[in-house]
Amino acid sequence: MIELTLIGIGTGNPQHLTRQAEAAMRAQDLILIPRKGAGKDDLAGLRRAICDAVLSGAARPQIAEFDLPTRDPAIPDYLERVEAWHDAIAEVWQQTITAHRPNGEPGTDPKAETTKVGFLVWGDPSLYDSTMRIARRLEAHSQTSLRVIPGITSIQALTAAHGVPLNDIGAAVLITTGRQLRDKGWPATADRLVVMLDGECSFQSLASQRQPVTIYWTAYAGMENEINISGPLDAVSDQIIQTRAAARTEHGWIMDIYLLER
Numbered sequence: 152m153i154e155l156t157l158i159g160i161g162t163g164n165p166q167h168l169t170r171q172a173e174a175a176m177r178a179q180d181l182i183l184i185p186r187k188g189a190g191k192d193d194l195a196g197l198r199r200a201i202c203d204a205v206l207s208g209a210a211r212p213q214i215a216e217f218d219l220p221t222r223d224p225a226i227p228d229y230l231e232r233v234e235a236w237h238d239a240i241a242e243v244w245q246q247t248i249t250a251h252r253p254n255g256e257p258g259t260d261p262k263a264e265t266t267k268v269g270f271l272v273w274g275d276p277s278l279y280d281s282t283m284r285i286a287r288r289l290e291a292h293s294q295t296s297l298r299v300i301p302g303i304t305s306i307q308a309l310t311a312a313h314g315v316p317l318n319d320i321g322a323a324v325l326i327t328t329g330r331q332l333r334d335k336g337w338p339a340t341a342d343r344l345v346v347m348l349d350g351e352c353s354f355q356s357l358a359s360q361r362q363p364v365t366i367y368w369t370a371y372a373g374m375e376n377e378i379n380i381s382g383p384l385d386a387v388s389d390q391i392i393q394t395r396a397a398a399r400t401e402h403g404w405i406m407d408i409y410l411l412e413r
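Take 152 as the starting number for the sequence shown in this note's numbering and just add one per residue.
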């Protein structure tokens, strides 16, 4: 039996860990850390640093790293490509757990013992993250139970960095993606948008907006190298694009998020 716990660890700042998350980490037999390839070693390094900060002593869980599969560009349909990618990740998870579970040595029956396996998730597992969907695949094909520990999200880090509320008084806020903003424009039912997963600076598509738009943009939210830019969109758009490109070149990767207000 595998008890799989998805642990929200915040946005890369060890101080974002909740006491519940720390207790869950200490309770595991095995913690999985993905490696995302060249140029993204910082992400695995941050997970290792968080483990070092929280875990100590003889009862320290085993740490196992694995290479994360990439999406297959030969699959033309976006959703099919993502589904195939998640299948591949679930298979790697299963192989890594089987290879490293402490009570799975030769001569024992892994199904007869319970292994507690933790996976450290950026932010919160519920927000634009696929680990719960991948974990459900393990539940469907093996003796696996699932537990989720919430974490501080990049949205909270964004609004805290800029000192702004997420929503106006009694008003709605919409959380969406860069792809949705580019393809469908500004939704008529919201005056504030939080935009995630945007690698193309899709706020550029709002140049024709009749109402003035303010942007609050943050990269590496909550981390030591956090970058914040805010102001009227037409005044700071170019600055954000240039700053983002330079930061990605410097670090080899970037995570950014922004709030739009009109």
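Just so it is clear, CB atoms sit at the ideal spot from N, CA and C, and this is done for glycine as well.
Computed from a predicted model, the values in this text were never measured in an experiment.
Problem set entry | Pairwise C-alpha distance: M406 and W273 | 11 angstroms
Exercise. Does the Cβ-Cβ distance between G163 and L197 come in under 7 angstroms?
Worked result: yes
For this session: Using DSSP bridges, identify the partner residues of E154.
Result: K267 and S296
Problem set entry | Inter-stretch contact at 8 angstroms, needing at least 3 Cβ pairs: the stretch 230 to 247 / the stretch 277 to 294 | yes
Exercise. Would you say T247 and F217 are within 7 angstroms of each other, going by their C-beta atoms?
Worked result: yes
For this session: Measure the C-alpha to C-alpha separation of A398 and V387 and round it to an integer number of angstroms.
Result: A398 and V387: Cα-Cα distance of roughly 16 angstroms.
Problem set entry | Residues near N379 by beta carbon distance below 6 angstroms, same chain, minus five either side | A312 and T369
Exercise. With distances taken between CB atoms, is the gap from I226 to A215 smaller than 7 angstroms?
Worked result: No, the Cβ-Cβ distance between I226 and A215 is not below 7 angstroms.
Exercise. In its own chain, which residues sit with a C-beta less than 6 angstroms from the C-beta of A204, not counting the 5 before and 5 after it?
Worked result: P165
For this session: Output the distance between the C-alpha atoms of T304 and D275, rounded to the nearest integer angstrom.
Result: 6 angstroms
For this session: Note down, in chain order, each residue of its chain lying with its Cβ closer than 8 angstroms to the Cβ of P257, except the 5 sequence neighbours on either side.
Result: For P257, the predicted model reports a pLDDT of 38, less than 50, meaning its position is unreliable; a value from the coordinates is still stated below. There are no such residues.
Exercise. Relative to the C-alpha of V324, which residue among R170, R330 and L344 is closest?
Worked result: L344
Problem set entry | Rounded straight-line distance, which links the Cα of Q355 to that of P383 | 13 angstroms
Exercise. Taking the C-alpha atoms as reference points, what is the distance between D334 and D228?
Worked result: Going from the Cα of D334 to the Cα of D228 covers about 16 angstroms.
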